[in-house]
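Following the working numbering, the numbering of the sequence shown begins with 27 at its first residue and continues without gaps.
Everything below concerns the one structure shown next.
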Amino acid sequence: GIALVPGDRATQGLLLIRSIIENLHLPNWRIYGFPLKLSKANSDANGIAKTLNMVMESLDAPVSTLSGGNAQKVVIGKWLLRDPKLLLLDDPTKGVDVGTKAEFYNLLDRLCETGTTILFYSSDDQELVDICPRVLVMQDGFIKADLSGNNLTKANLVSTSMGVGLDAVNNNKPGKHGQ
């Protein structure tokens, strides 16, 4: 399946007044039933919490009590229970600490190794350069640059994002991509 980790976890990715376990199982009601089949739900939630190194009081605590990084782990964790084939990430490390970012990057590597395709948007240019093997720069719905290998640098990413040097970076004729 396809999973989306939205850019605004507080308003789009979580029900802040609900518990951590309820949030983890939001997209999984058909699997666990309603109300939750607690033994299976607890077992799977504990597994995800351990895999993602979540720091929490308990699975029954409101998700609103978590730090930004741990709240983001819940948003990601609920989709990992579904074993998605395509994971769409919208600025997933925004507002999380450096340690959580490192854990997140390791998780992305493991997911890629198991065959999950990841489409990653980030407002942090350096993050894209550091973790992505390929970056597409888009403008007005069209691909304006396709950066990879030695061409994938922060300078090239910034310049192509601003519309400067697209042909020089890509070695493409104008209009090749997206038309």
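Beta carbons: idealized from backbone N, C-alpha and C, even for Gly.
Buried or exposed by the 16-neighbour rule on C-beta atoms within 10 Å, applied to residue i
i    : result
P200 : Note on P200: pLDDT 43, under 50, position unreliable in the model; no value is reported.
N79  : exposed
I102 : buried
G39  : buried
A128 : exposed
V124 : exposed
K202 : Per-residue confidence for K202 stands at a pLDDT of 41, beneath the threshold of 50, marking its modelled position as unreliable; the derived number appears in the next sentence. Result: exposed.
K99  : buried
E83  : exposed
E139 : exposed
D70  : buried
R136 : exposed
G27  : exposed
L41  : exposed
W55  : exposed
Residue range of the alpha helix (DSSP H) that includes residue i
i    : result
Q152 : D151 to I157
A36  : No alpha helix (DSSP H) contains A36, which DSSP labels as neither H nor E.
V184 : K180 to S187
L145 : Per DSSP, L145 belongs to no alpha helix (DSSP H); it is in the beta strand (DSSP E), T143 to Y147.
I47  : I46 to L50
Contact belief for residue i with residue j at Cβ below 8 Å, rounded distance in angstroms
i    : j    : result
A87  : I43  : Contact flag wrong, Cβ pair sits at about 12 Å.
I144 : L173 : So it is not a contact: roughly 17 Å between Cβ atoms.
L107 : L30  : Not a contact, Cβ separation roughly 14 Å.
V161 : K170 : Not a contact, Cβ separation roughly 11 Å.
E153 : T119 : 7 Å
D116 : P53  : Contact flag wrong, Cβ pair sits at about 16 Å.
Boundaries (first-last residue) of the beta strand (DSSP E) holding residue i
i    : result
A171 : F168 to S174
L162 : R160 to Q165
Give the list of continuous beta strand (DSSP E) stretches no shorter than 3 residues that lie fully inside the region 74 to 129. 112 to 116
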